[in-house]
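Read through the structure below, which is laid out as structure tokens, and then see the notes.
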Amino acid sequence: MLTWSKVAESVRAGVRRDEDGHRRTHQGLGGEHVHGKQSGGSLALTELRERLADGLARARLNQTQLAKQAELGRTTVSEALSPTKPVPSAETVAALARVLRLPVGELLELRWTAVEEAGTVPAGGPGRRIGQWDPHDLEVHPAGAGRAPSDPDTPVLRALPGYVPREHDGLLGEAVRDAAAGRSRIVVLVGSSSTGKTRACWEAVQPLAKKGWRLWHPFDPTRAEAAVEDLHRVGPRTVVWLNEAQHYLGNPVSGERIAAAVHHLLVSPERGPVLVLGTLWPEYEKQYTALPRPGTEDPYSRARELLAGRTLAVPEAFDARALAAAAVLAESGDRLMADALTRARTDGRMTQDLAGAPELLNRYQNASPAAKAVLEAAMDARRLGVGLHLSQAFLTDAATDYLDQNDYDQLTDDWAEQAYAELALLVHGKQAPLRRTTPAPHGVRLPPLPPKHRPRRLRDHSSGSPTTSNNTAAPPAATCARLPPSGTPPTPTSSAPTTWATSPRQPRDATACNGPTTYATAPPPTAAPPLCSAWP
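Here the working numbering is used: the first residue of the sequence shown is 24, the next is one more, and so on.
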């Protein structure tokens, strides 16, 4: 009597027998491999067909019935189960798996492995292998100046600092492991500027790079246009890189179409597995997920559904554990991490510091003459021991000492306002070269100061930049004359700017303003520096 179990065993035996024969035909007398076109001789393909045969037996269907329920041709089903035929298409495997109630993702993973083993990986589909990408081309912020290679035709080399995993990295890693196992996933990291979102995504996909996954970053001619044009072409084992996802989901013309296309990609097993990674600032995430008021339009309905339960918060700062790990990297020779720790150890804003450093240097190098003069006056004041908070009046007066006659003659009536506005523009990490600040009062509370008396604070990166040809050149004598004497600051009054206690950097030579000298990078730990202020 013929039973369904015997049918399944017969199919499996045929698969193994024909596979063994196929392998023998591709071996010489001494067992060496003889090259020829393989039709299906791979362990993954054998397992795929055996699992389909088992499912067919359990479902108590014949191939004609299976073809009808799967809405496939009878020949298509026959070839999918035949050990002498090529690897079946992803659509065929997914359709058969659904009818036979088999795990679609696992069978598609077996199919992909069989395709790789057969050497017939399709070249189509957008993107390229992950290992062929430079992370900076995926919008990972540079953390330091590029290093010139020995070969002049080679692009400038930009190193990444060491990476410190945090809590969100573990959750992101779970999604990556799901994708590697054949289950399509999407994760959108939400955090403020330069909190490490894009770098976290880059580190997360490295295990997929070893498995030959592709990465597609829709970008040209615009992000939204590229996504609309090619999302339907995305194939299995592809990371879809939606960095700054507001450019996709928030596009007023095609944002909802993109959200719908991404959703369709995720729920189509025959197109998977895929991994969609995105990043958003919190304000955009709130905008796209907020429910509309009754009777009003709902411009982000598809985006809201796509993001539901799929966002992952990235903290603003390193916690104590992450800072300790960063210190270990610094002690191991990570120069970028060590440099950032000198400024960000207290507030933990390591990623913002790393991302902002190159842009702050660019701001200094490319500043207008007036803005650069203000910066150089601030840097020299800090070098000479003045505290963190510098009065706008002092900086405005001192800046003229750094201008040559030609630049001085071209100053407009509002040059100072323009210079301060230029220096207040933010770079990555919400940092600015010189920003207005309100120091915390020490004992005495005073009314708010007028704008021209509000102090400015120099970003620490800028204080380390050269003011002239080297960092040991003396400031202009006129600037030194404008500096207040060291000692106890005047008693604050309602009509005079306030002074604050600071920890100055002491000049090694008391006659620093009389000629070239060098400056200590920091006072001795046990020193008790005098109180000083930049208020004239």
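All C-beta atoms, glycine included, are put in the ideal place defined by N, C-alpha and C.
Nothing here was measured: the structure is a model prediction, and the numbers come from that model.
{"Item": "Cβ-based burial, R325 [other Cβ within 10 Å; buried from 16]", "Value": "buried"}
{"Item": "CA-to-CA distance, A118 to G205, given in whole angstroms", "Value": "16 Å"}
{"Item": "Residues near V127 in its chain [Cβ-Cβ closer than 6 Å; skip 5 each side]", "Value": "A117, A120, P292"}
{"Item": "Beta-carbon contacts of R152 that lie in its chain and below 8 Å, excluding the five residues immediately before and after", "Value": "A232, G235, W236, R237, L238"}
{"Item": "Where Q433 falls: helix, strand or coil (DSSP)", "Value": "coil"}
{"Item": "Bridge partner(s) assigned by DSSP for T334", "Value": "V211"}
{"Item": "Residues near A331 in its chain [Cβ-Cβ closer than 8 Å; skip 5 each side]", "Value": "T312"}
{"Item": "Three or more C-beta pairs below 8 Å linking the stretch 392-401 and the stretch 436-444", "Value": "yes"}
{"Item": "At least 3 beta-carbon pairs within less than 8 Å: the stretch 208-227 vs the stretch 291-307", "Value": "yes"}
{"Item": "Separation of A103 from W135, as counted between CA atoms", "Value": "14 Å"}
{"Item": "Helix, strand or coil at R189 [DSSP, three-state]", "Value": "coil"}
{"Item": "Inside the stretch 317-394 only - beta strand (DSSP E) runs reaching at least 3 residues", "Value": "334-336"}
{"Item": "Cutoff 6 Å; reference P381; Cβ partners in own chain excluding five residues on either side", "Value": "P165"}
{"Item": "CA-to-CA distance, P230 to L289, given in whole angstroms", "Value": "20 Å"}
{"Item": "In DSSP terms, what Q454 is bridged to", "Value": "V450"}
{"Item": "DSSP state of S101 mapped onto helix, strand, coil", "Value": "helix"}
{"Item": "C-beta atoms of V337 and V213 nearer than 8 Å", "Value": "yes"}
{"Item": "For R74, the first and last residue of its enclosing alpha helix (DSSP H)", "Value": "66-82"}
{"Item": "Enclosing beta strand (DSSP E) for G301 [first to last residue]", "Value": "297-303"}
{"Item": "Outcome for R97 when other beta-carbon atoms lying within 10 angstroms are tallied against a minimum of 16", "Value": "exposed"}
{"Item": "C-beta atoms of V251 and R280 nearer than 8 Å", "Value": "yes"}
{"Item": "Cβ pair V262, V285 closer than 8 Å", "Value": "no"}
{"Item": "Limits of the unbroken alpha helix (DSSP H) element including H270", "Value": "269-272"}
{"Item": "Beta carbon of L161 nearer than 8 Å to that of L335", "Value": "no"}
{"Item": "Three-state secondary structure (DSSP) of L265", "Value": "strand"}
{"Item": "Exposure label - E440; buried when at least 16 CB within 10 Å", "Value": "exposed"}
{"Item": "As assigned by DSSP and simplified to three states, the class of H164", "Value": "coil"}
{"Item": "Residues bridged to W239 [DSSP beta-bridge criterion]", "Value": "V263"}
{"Item": "As assigned by DSSP and simplified to three states, the class of R459", "Value": "strand"}
{"Item": "Whole-number beta carbon distance between T218 and T369, since they are thought to touch under 8 Å", "Value": "17 Å between Cβ atoms; not a contact."}
{"Item": "DSSP three-state assignment for R151, whether helix, strand or coil", "Value": "strand"}
{"Item": "Inter-residue spacing [alpha-carbon to alpha-carbon] between Q223 and G371", "Value": "In the sequence on display, residue 223 carries Ala and not Gln. Each residue's alpha carbon lies about 17 Å from the other."}
{"Item": "Per-residue DSSP class, three states only, for P111", "Value": "coil"}
{"Item": "Beta carbon of S215 nearer than 8 Å to that of W156", "Value": "no"}
{"Item": "Inter-stretch contact at 8 Å, needing at least 3 Cβ pairs: the stretch 264-272 / the stretch 240-251", "Value": "yes"}
{"Item": "For R366, the nearest candidate out of W225, R327, Q454 (CA to CA)", "Value": "Q454"}
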